[in-house]
Structures are given as C-alpha cells and as structure tokens.
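See below for the structure under consideration.
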Amino acid sequence: MSTLPFKQNSIIFAPMEGVTEGPYREVIQRIFGDWDYYYTDFYRIPSVGNVNAKTLIKHFGETYLQKKAHTEQTAYQFLTSEIAQTEQAISLISEMNYHHIDLNLGCPSKKVNSNKGGAYLLSDLKALEKIIKQIREGFKNTFTVKIRIGYSDDSLYLDLLKLFEDCGVDGITIHARTRDQLYKGVADWSYIEKAVKVSNLPIIANGDIWTIEDINRIFDQCNPYAVMCGRSALKTPWLASIYKEYQENLDFISDEFLLKVRAENLDLYFYELDKEYRKNGLVDSTILKRFKAFCRYLFDDYENFETIRGRFLRAQNIHEFRAHLDQFVANYS
Ligand SMILES: Cc1cc2nc3c(=O)[nH]c(=O)nc-3n(C[C@H](O)[C@H](O)[C@H](O)COP(=O)(O)O)c2cc1C
C-alpha cells in the first residue's frame, strides 16, 4: 500500500524555483485546478545559524498555509547537505504538523553542488544515507525524494534505488537525466521503466512529458505510479485539464483548437496572476520580471513564436505587456 498523499495515475505540477511559490500555486489551483498535486520550490536548509520557523512558513506562503486545498495537496520541498541544520529544520516542519516533505536530490546548480547538496549527494552514498536516515527518524509523515539518474553517470542508479527503499523513503520522483546532462538531449524513460521493475516504492516519472500523448505514452511504456510535469506545466498550465478531458478522445483535439485554447487561457492566467501577486504586495517591476520568465515556453507552438515572445520580452512596463497580451488574444482566440 502506498503511503503517498496522492492517488495512482496522478498528474503532478513539478517544483520550480521562482515559479511554484504560494501565489502561483493558488492561481493554478483556482483556474486550472485539475492537477492532482503540487510541490513548493526548494527551501535551502542553512548550514550556519538557526533555522527560522518564520522563514519556513514564509517559503510556503503564510496565507496559503491556512488553506486546506494548499496544505493537503502540496509537498514541502527542501534541499540540504551533510553540514546543514537538517535535524532542526525537520523538527520545525514536524511541529507544523506538515504531512509530506520532499528532498531535492536533482538540483544541478554549481553553487548548490559545490556545497555538497542537490544532485551532488547522488555521488556520495555515505553522506546521502546519513541524511536520509536523519530525516526518516525525525519525520513521521510522508517523506519522498526527487532525483536524477546519477551525477556524471548512471553507475550508482540501482544502489540509489535500493538505498531509498532500505531507508524507509515513501516514494521516488525520477528526472531521467544525469546532473551533468543538465537539460541536454531528451530524458531517457527506460530508467523509469527499470525503476518501476526493480523498486517496491512508487515511482513518479519526470522529464520531457510535454503533451497528452506523452502522458499516455509514459504510463503505457513505463507504468509509473504517477507523472510529474515541469517545463510542460510552465508551457501549458492547463495541461492536466485537457488531459483529463481528452485523454480517451485525442481525435477531438486539433493543433488549431489547442492554439485557440492557449490564447484564451493565457488571458485568464496573466490576469489572475497579476491579481494574486498584487494581493501579496508585489510591485509592477517584479510582476513584469516574472511574467517575462513565464513566457519562456508559452508560444513555442506558434509558427512565428520567436517574434511573439520577443514582443513580450521587450515590454518596458506591465501596461505594455498587457497591451501585447490583448493584441495576442485578439489575433489568436
Ligand atoms: C525554472 C525551473 C525551476 C526548477 N526548480 C526546481 C526546484 O525548485 N526543485 C526541483 O526539485 N526541481 C526543480 N526544477 C526541475 C523540475 O522540477 C523538473 O524535474 C525538470 O524540469 C524536468 O522535468 P520537465 O522535463 O518536465 O521540465 C526546476 C525546473 C525549472 C525549469
């Protein structure tokens, strides 16, 4: 029996730094709420000084900690290292009575890895085991890990899977690339298939699941417990909704239809984000910066996507961004 707080075949919105903070998760739940589950982006447990309960709460978003829809459907993700204050952080999260924590073991950042955190730990099983045991002992509720298939190669992959099982981890999300691959090439789903076969833990598949067809294909090919979408969720925040509506009837959806839905949904998406960010005290310039970052993949399916994206990226202020959006919606919806 799985102890995961989400059901089999769930479609999960991946943790993304600078994206999946409280206000963003709130908007997605409100307007494209067919995702089964969410993760916070990672909270970095400090190596020096005390862990501050207020910072932990702020990282989740204080307002959103009061909402059941958030707490029950969101894993609290963190990143740590052998010398960080893991015990203290875990004890504070336990005091918050939090139901699910997730350890980030995939972060490729040079800074994080030189501090022996993130994906680095996939290459140091001794340190990893110590950390995993420490967390498992200190936290009674669901504890999962999110990994890549190795640091520079896959030589420890099976040992890693065994270690997680032996140490009482409740589930593993696998981004099927090594750390050194960063985002190069295409994620190799055969590693997911292998993990599903050799591990008794529920496996959550991640990496290059971009479309409804991809979701169907990875479930068919690899039989994971659930799937997690990162860049595709950023590109198509309503992906779970169209998947749930059309997974059995792919013939009903044409490229033309999807582009029309995109234009209509983007109007709502930016409107609601703007409103929620303002409620949280964000100013125009910060909102504009985030909106530009969110444009990264949004227009990839249009023939002239670079021109469209370029217009948004050159907006000098939030009003200009909004004017481009109005024009875009008028052209494509
Ligand atoms: C902008 C961005 C920020 C990310 N931040 C995190 C993070 O905070 N924690 C984490 O575990 N993974 C993070 N990731 C990795 C994604 O969760 C995911 O594992 C990766 O993008 C591969 O999945 P995809 O092909 O669906 O994008 C981030 C990815 C992106 C694109």
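Using the working numbering, read the sequence shown as starting at 2 and increasing by one per residue. Note that the Cβ used here is the ideal one computed from N, Cα and C, for glycine as well.
- Relative to ligand 1, even the nearest heavy atom lies 7 angstroms or more away from the CB of ARG218.
- Pairing ARG180 with LEU235 gives a Cβ-Cβ distance that is not under 8 angstroms.
- Annotated three-state conformation of HIS71 is helix, per DSSP.
- Secondary structure at CYS223: helix, using DSSP grouped into helix, strand and coil.
- With a cut-off of 7 angstroms, the C-beta of PHE43 is classified as near ligand 1, since at least one heavy atom of the ligand falls inside that distance.
- Spatial neighbours of PHE295 in its own chain (CB-CB distance under 6 angstroms, excluding positions within 5 residues in sequence) are not present.
- Beta-bridge partners of MET229 (DSSP): ILE13, ASN207.
- 8 angstroms or more divides the Cβ of LYS112 from the Cβ of ALA128.
- Within 10 angstroms of the beta-carbon of ASN332 lie fewer than 16 other beta-carbons, which makes it exposed.
- Burial state of ASP209 is buried, judged by a 10 Å Cβ sphere holding 16 or more other Cβ atoms.
- Judged by beta-carbon spacing, ILE32 lies within the 8 angstroms limit of GLU273, meaning their Cβ atoms are closer than that value.
- Under the Cβ criterion (8 angstroms, minimum of three pairs), the segment 37–48 does not count as touching the segment 262–269.
- LEU123 and THR75 have their C-alpha atoms spaced approximately 25 angstroms apart.
- Spatial neighbours of ALA241 in its own chain (CB-CB distance under 6 angstroms, excluding positions within 5 residues in sequence) are listed in chain order as ILE12, ASP35, TRP36.
- Leaving aside the five residues that flank MET229 on each side, the residues in its chain whose CB is nearer than 6 angstroms to its CB run, in chain order, ILE13, ALA15, THR174, ILE205, ASN207.
- In the DSSP assignment, ASP160 forms no beta bridge with any residue.
- The Cβ atoms of GLU130 and LEU161 do not sit closer than 8 angstroms to each other.
- Cβ neighbours of CYS168 within its own chain (closer than 7 angstroms, five residues either side excluded): GLU130, ILE133, LYS134, ARG137.
- In the three-state scheme derived from DSSP, where H, G and I count as helix and E and B as strand, ILE193 is classed as helix.
- Ligand 1 has no heavy atom closer than 7 angstroms to the beta-carbon of HIS101.
- LEU267 and LEU299 have their alpha carbons spaced roughly 9 angstroms apart.
- Per the DSSP secondary-structure output, ASP103 pairs in a beta bridge with GLN78, THR145.
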